[in-house]
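A.B. asks:
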Amino acid sequence: LDKEMQEAEVVEKNAQEEYEKMTVDASAKRTTDSKSITEKSDAKASTEEALQTEKGKKTGLEKEHMAVLELLQSLHGECDWLMQNYDARKEARTGEVEALKSAKDVLNGADYAL
181 LDKEMQEAEV VEKNAQEEYE KMTVDASAKR TTDSKSITEK SDAKASTEEA
231 LQTEKGKKTG LEKEHMAVLE LLQSLHGECD WLMQNYDARK EARTGEVEAL
281 KSAKDVLNGA DYAL
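The opening position of the sequence shown corresponds to residue 181 in the working numbering, with each subsequent residue numbered one higher.
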């Protein structure tokens with residue numbers, strides 16, 4: 181009976197030591213997990229803040245892009261008009277130049293009355 185009591189005490193002592201070691205390990209794990217959660221929460225917050233900043237930049241760039249596209253479309257329309265009316269405008273300028281030369285000649289004393 182004494183031997184059984186001693187064995188039971190040794191088993192109880194070992195079990196108590198294992199339990200204490202397990203609680204220390206669990207406490208350390210909780211501390212590590214808590215730090216990890218805090219670090220991950222901070223990282224998430226900074227990432228979300230960066231995301232919002234980038235979304236704001238994206239919105240601004242999209243507006244700028246639309247303005248550039250509108251300008252490009254406008255310039256393209258003007259260029260098309262200039263290309264379509266080039267010959268007519270060239271003839272008009274040639275006529276204006278001839279008229280100015282005639283006016284200059286008249287002012288210099290030329291007589292065009294025939």
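Beta carbons are placed, not taken as given, at the ideal position from N, Cα and C, and that holds for glycine.
Using C-beta distances below 8 Å, list every residue in its chain close to ASP285, excluding the 5 sequence neighbours before and after it, in chain order.
C.D. replies: TYR292
A.B. asks: Put ALA290 into one of helix, strand or coil per three-state DSSP.
C.D. replies: coil
A.B. asks: Starting from LEU181, trace the alpha helix (DSSP H) in both directions and tell me its first and last residue.
C.D. replies: That residue, LEU181, is in no alpha helix (DSSP H); it is neither H nor E in DSSP.
A.B. asks: For ASN265, which three-state DSSP category applies?
C.D. replies: coil
A.B. asks: Between the alpha carbons of GLU229 and ALA247, how many angstroms are there, rounded?
C.D. replies: 27 Å
A.B. asks: State the Cα-Cα distance for the pair ALA272 and ALA279, rounded to the nearest angstrom.
C.D. replies: 10 Å
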